[in-house]
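Engineer: Reminder that position 199 of the sequence shown reads as 198 in numbering that gives the first Met the number 0, one-by-one numbering, no gaps.
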Amino acid sequence: MGVISTEAWVLHAGPAQASSEEPVPGELVREEFTFPDLAENEVLVEPLFGSWEANMGHALERTPVDVCRQRGEDRMVIGNFAAVRVVRPGRAVTRVREGDLCLTQAFARTDEHGYVKLVHAYDAPGTIGVLARQTKIGEHLLLPLPENSRYTPQQWAASYGRYWTAWDNWRVTYACWMSQVRRNPAELDPRPLVFGWGGGVAVAELELAQRDGFVAAMASSSPKRLAEIEAKGMIPVDRRTFPDLDHDEGKFASDPEYRRRYQQSERVFLRTIQELSGRRGAAVIIDNIGRPVYRATLRALGRQGVLTTVGWKHGMRLETARANECIKRHIHVHTHACRFSDIEEILEFQEESGWMVELGDQRVYQFDEIPELARDYASGNLDSYFPLFQINVQ
Numbered sequence: 000m001g002v003i004s005t006e007a008w009v010l011h012a013g014p015a016q017a018s019s020e021e022p023v024p025g026e027l028v029r030e031e032f033t034f035p036d037l038a039e040n041e042v043l044v045e046p047l048f049g050s051w052e053a054n055m056g057h058a059l060e061r062t063p064v065d066v067c068r069q070r071g072e073d074r075m076v077i078g079n080f081a082a083v084r085v086v087r088p089g090r091a092v093t094r095v096r097e098g099d100l101c102l103t104q105a106f107a108r109t110d111e112h113g114y115v116k117l118v119h120a121y122d123a124p125g126t127i128g129v130l131a132r133q134t135k136i137g138e139h140l141l142l143p144l145p146e147n148s149r150y151t152p153q154q155w156a157a158s159y160g161r162y163w164t165a166w167d168n169w170r171v172t173y174a175c176w177m178s179q180v181r182r183n184p185a186e187l188d189p190r191p192l193v194f195g196w197g198g199g200v201a202v203a204e205l206e207l208a209q210r211d212g213f214v215a216a217m218a219s220s221s222p223k224r225l226a227e228i229e230a231k232g233m234i235p236v237d238r239r240t241f242p243d244l245d246h247d248e249g250k251f252a253s254d255p256e257y258r259r260r261y262q263q264s265e266r267v268f269l270r271t272i273q274e275l276s277g278r279r280g281a282a283v284i285i286d287n288i289g290r291p292v293y294r295a296t297l298r299a300l301g302r303q304g305v306l307t308t309v310g311w312k313h314g315m316r317l318e319t320a321r322a323n324e325c326i327k328r329h330i331h332v333h334t335h336a337c338r339f340s341d342i343e344e345i346l347e348f349q350e351e352s353g354w355m356v357e358l359g360d361q362r363v364y365q366f367d368e369i370p371e372l373a374r375d376y377a378s379g380n381l382d383s384y385f386p387l388f389q390i391n392v393q
């Protein structure tokens, strides 16, 4: 079997002696990357547009693990979600042809129900991501785009990782809420509130909540994003009105000034949720932030409320008073990605419903600018909830 060489942004393994408690962050290095030629069921593709995802940040930060070392590899190419063009199918490939436009899927290994266990171009050994001029992927992990799609490849690439995660999480969350309330939210007065902490997944999920009859609200400290939230018919909540809502148990116990500032911000936040919910508390809170807002989030959640999450941006371990949660009949939902067998249904729903991101004039990072995108994502210096990059010319 021959080899294929391509230009790529490559992540090298961290120091062998590095502690998981104090990881040494990685950097992307632009260099030649070589991999074995195609197996009969693999496809050589050229990434066109891709989305910077949270797992790419985790890989560079080496938290919670150094994925290169976990995979047993010296270096790897990250990036899971992109619109790609088929260059050459393997001999046994039947689903795609040269020139087809497809969306890459990250389901490297799933459980018996189709939910992902190992992620392509993250913790699945031997898999190659889309931060390369060319890459290869199994035929079953390519979803052809509709020939006459109402959306551009850029829209698909920027959105589907987050939108499909939101679709799956909302399906579970809504079912959990309905299991206790058993009323159409659109018929309740006042209509129940869904509040969001986070980024693109939360935005997409709040749009689904609106479709199901809920009032949707989301927090941001960016005037531009607050305007975008309002333009979607949601209630924008200015994060700057409670600037010290960043809970740290150690500081709370030992630093009186920190405690005073935190409690003031928490009071403002809780008052805001009470006003928006008709003093019932939020029916659902989407929390993709974690530790800084977790205490306040639980206090803002109404009876029979659902706290739902798809991620762990800040803090993987959280403390809960189980008695309080039982008495208030709170349900906690944790999901990750979506189910492999649902991807075609979600794509069709988007085509039919218009549930899709509008990119406007947002920046598209070019291949040369990938490290800058990584830094901007890490620092929160992005102009969109859906960061987009371009690898090859369409």
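Cβ atoms here follow ideal geometry from the backbone N, Cα and C, with glycine treated the same way.
In the structure shown, what three-state DSSP assignment does alanine 120 receive?
Structural biologist: In the sequence shown, residue 120 corresponds to position 121, counting from 1. Reduced to three states, the DSSP call for alanine 120 is coil.
Engineer: Between Gly301, Asp367, Tyr293, Pro14, which has its C-alpha nearest threonine 308's C-alpha?
Structural biologist: Position 309 of the sequence shown, counted from the first residue, corresponds to residue 308. Comparing Cα positions, the closest option is Tyr293.
Engineer: Between the segment 281-289 and the segment 238-258, do three or more beta carbon pairs fall short of 8 Å?
Structural biologist: As far as the Cβ criterion goes, the segment 281-289 does not touch the segment 238-258, which means the pair count is below three.
Engineer: Report the start-end ranges of each beta strand (DSSP E) in the segment 288-351 that is 3 residues or longer and not cut off at the edges.
Structural biologist: Complete beta strand (DSSP E) runs here, min 3: 300-308, 330-333.
Engineer: I need the straight-line Cα distance from arginine 328 to glutamine 303, nearest angstrom please.
Structural biologist: Position 329 of the sequence shown, counted from the start, is the residue given in the question as residue 328. Position 304 of the sequence shown, counted from the start, is the residue given in the question as residue 303. Each residue's alpha carbon lies about 5 Å from the other.
Engineer: Using C-beta distances below 6 Å, list every residue in its chain close to tyrosine 162, excluding the 5 sequence neighbours before and after it, in chain order.
Structural biologist: Reading the sequence shown from its first residue, position 163 is the one you call residue 162. Ala203, listed in sequence order.
Engineer: Of the choices Val392, Leu102, Lys135, Ile285, whose alpha-carbon is the least far from that of proline 145?
Structural biologist: Stepping through the sequence shown from its first residue, residue 145 is reached at position 146. Checking every option, the nearest Cα to that of proline 145 belongs to Leu102.
Engineer: Take the Cβ of threonine 33 as the centre, count every other Cβ of all protein chains shown within 10 Å, and call the residue buried at 16 or more, exposed below.
Structural biologist: Here residue 33 is taken as the residue at index 34 of the sequence shown, counted from 1. Counting Cβ neighbours within 10 Å, threonine 33 comes out exposed, since fewer than 16 surround it.
Engineer: Considering only residues of the same chain and omitting the five flanking positions on each side of glutamine 361, which have a CB-CB separation below 6 Å?
Structural biologist: Here residue 361 refers to the residue found at position 362 when the sequence shown is read from its first residue. Cβ within range, chain order: Asp382, Ser383.
Engineer: Between the Cα of cysteine 325 and the Cα atoms of Arg170, Asn40, Gly301, Arg149, which residue gives the shortest distance?
Structural biologist: Along the sequence shown, read from residue 1 onward, the residue named residue 325 stands at position 326. When each option's Cα is compared against that of cysteine 325, the closest is Gly301.
Engineer: Roughly how many angstroms separate the alpha carbons of glycine 78 and glutamate 343, rounded to a whole number?
Structural biologist: Residue mapping note: residue 78 aligns to position 79 of the sequence shown, counting from 1. Residue mapping note: residue 343 aligns to position 344 of the sequence shown, counting from 1. When rounded, the distance between both Cα atoms is 21 Å.
Engineer: Is threonine 164 buried or exposed, if buried means 16 or more other CB atoms sit within 10 Å of its CB?
Structural biologist: Looking up residue 164 in the sequence shown gives position 165. Under this definition threonine 164 is a buried residue.
Engineer: Check this for me: beta carbons of leucine 100 and alanine 120, under 8 Å apart or not?
Structural biologist: As a working note, residue 100 is residue 101 in the sequence shown. As a working note, residue 120 is residue 121 in the sequence shown. Not in contact: leucine 100 and alanine 120 (Cβ atoms no closer than 8 Å).
Engineer: Distance check for arginine 29 and alanine 7, CA to CA, integer angstroms please.
Structural biologist: On the sequence shown, position 8 is the one that residue 7 refers to. On the sequence shown, position 30 is the one that residue 29 refers to. The alpha-carbon atoms of alanine 7 and arginine 29 are separated by roughly 6 Å.
Engineer: Determine the closest residue to glycine 407 out of Ala107, Glu206, Pro184, with distance taken between C-alpha atoms.
Structural biologist: Outside the shown range of the chain, which is 0 to 393, sits residue 407, and nothing can be said about it.
Engineer: Extract the residue ranges of the beta strand (DSSP E) inside the segment 129-162, only unbroken runs of 3 or more that lie entirely within it.
Structural biologist: Complete beta strand (DSSP E) runs here, min 3: 134-137, 141-143.
Engineer: Rounded to whole angstroms, what is the Cα-Cα separation between alanine 38 and arginine 68?
Structural biologist: Here residue 38 is taken as the residue at index 39 of the sequence shown, counted from 1. Here residue 68 is taken as the residue at index 69 of the sequence shown, counted from 1. Answer to the nearest angstrom: the Cα atoms are 25 Å apart.
Engineer: In the DSSP assignment, what residue or residues form a beta bridge with arginine 170?
Structural biologist: Position 171 of the sequence shown, counted from the first residue, corresponds to residue 170. Beta-bridge pairing links arginine 170 to no other residue.
Engineer: Could you tell me if asparagine 287 is buried or exposed, where buried requires 16 or more neighbouring beta carbons within 10 angstroms of its beta carbon?
Structural biologist: Translated into positions along the sequence shown, residue 287 becomes position 288. Classification of asparagine 287: buried, given that the 10 Å Cβ count is 16 or more.
Engineer: Within 10 angstroms of the Cβ of glutamine 16, are there 16 or more other Cβ atoms? Answer buried if so, exposed if not.
Structural biologist: Counting from 1 along the sequence shown, the entry for residue 16 is found at position 17. Exposed, because fewer than 16 other Cβ atoms sit within 10 Å of the Cβ of glutamine 16.
Engineer: Among the candidates Val2, Thr62, Val118, Gln179, whose CA atom is the shortest distance from the CA of glycine 13?
Structural biologist: Locating residue 13 in the sequence shown gives position 14, counting from the first residue. The shortest C-alpha separation from glycine 13 is found at Thr62.
Engineer: Measuring alpha carbon to alpha carbon, tell me which residue in Met75, Tyr261, Val200, Phe339 is nearest isoleucine 398.
Structural biologist: Summary: the structure shown does not reach residue 398, with the chain confined to residues 0 through 393, and so no result is reported for it.
Engineer: Inspect the beta-carbon positions of alanine 373 and leucine 27 and report whether they are closer than 8 Å.
Structural biologist: Residue 373 sits at position 374 when you count from the first residue of the sequence shown. Residue 27 sits at position 28 when you count from the first residue of the sequence shown. Contact: yes.
Engineer: Quick check on DSSP: helix, strand or coil for arginine 258?
Structural biologist: Here residue 258 is taken as the residue at index 259 of the sequence shown, counted from 1. It is helical.
Engineer: Can you tell me the Cβ-Cβ gap for valine 42 and valine 85, rounded? I've got them flagged as a contact below 8 Å.
Structural biologist: The residue given as residue 42 occupies position 43 in the sequence shown. The residue given as residue 85 occupies position 86 in the sequence shown. 6 Å between Cβ atoms; contact.
Engineer: Mind checking whether alanine 218 and leucine 192 have CB atoms under 8 Å apart?
Structural biologist: Position 219 of the sequence shown, counting from 1, holds the residue named residue 218. Position 193 of the sequence shown, counting from 1, holds the residue named residue 192. No, Cβ-Cβ distance for alanine 218 and leucine 192 is not below 8 Å.
Engineer: Leaving out the 5 sequence neighbours to the left and right, which residues in its chain are closer than 7 Å to arginine 190 when beta-carbon positions are compared?
Structural biologist: As a working note, residue 190 is residue 191 in the sequence shown. Contacts found: Pro184, Gly212, Phe213, Val214.
Engineer: Less than 7 Å between C-beta atoms, sequence neighbours within five positions excluded: which residues of the same chain meet that for valine 118?
Structural biologist: Numbered from 1 along the sequence shown, position 119 holds the residue referred to as residue 118. Counting only Cβ-Cβ distances below 7 Å, and skipping sequence neighbours, we find Asn54, Asn79, Ala105, Ala107.
Engineer: Report, in whole angstroms, the separation of the C-beta atoms of arginine 260 and aspartate 243, which I expect to be a contact under 8 Å.
Structural biologist: Mapped onto the sequence shown, residue 260 falls at position 261. Mapped onto the sequence shown, residue 243 falls at position 244. Their Cβ separation, rounded to whole angstroms, is 4 Å, which keeps arginine 260 and aspartate 243 in contact under 8 Å.
Engineer: Put arginine 84 into one of helix, strand or coil per three-state DSSP.
Structural biologist: Here residue 84 is taken as the residue at index 85 of the sequence shown, counted from 1. Three-state DSSP puts arginine 84 in a strand.
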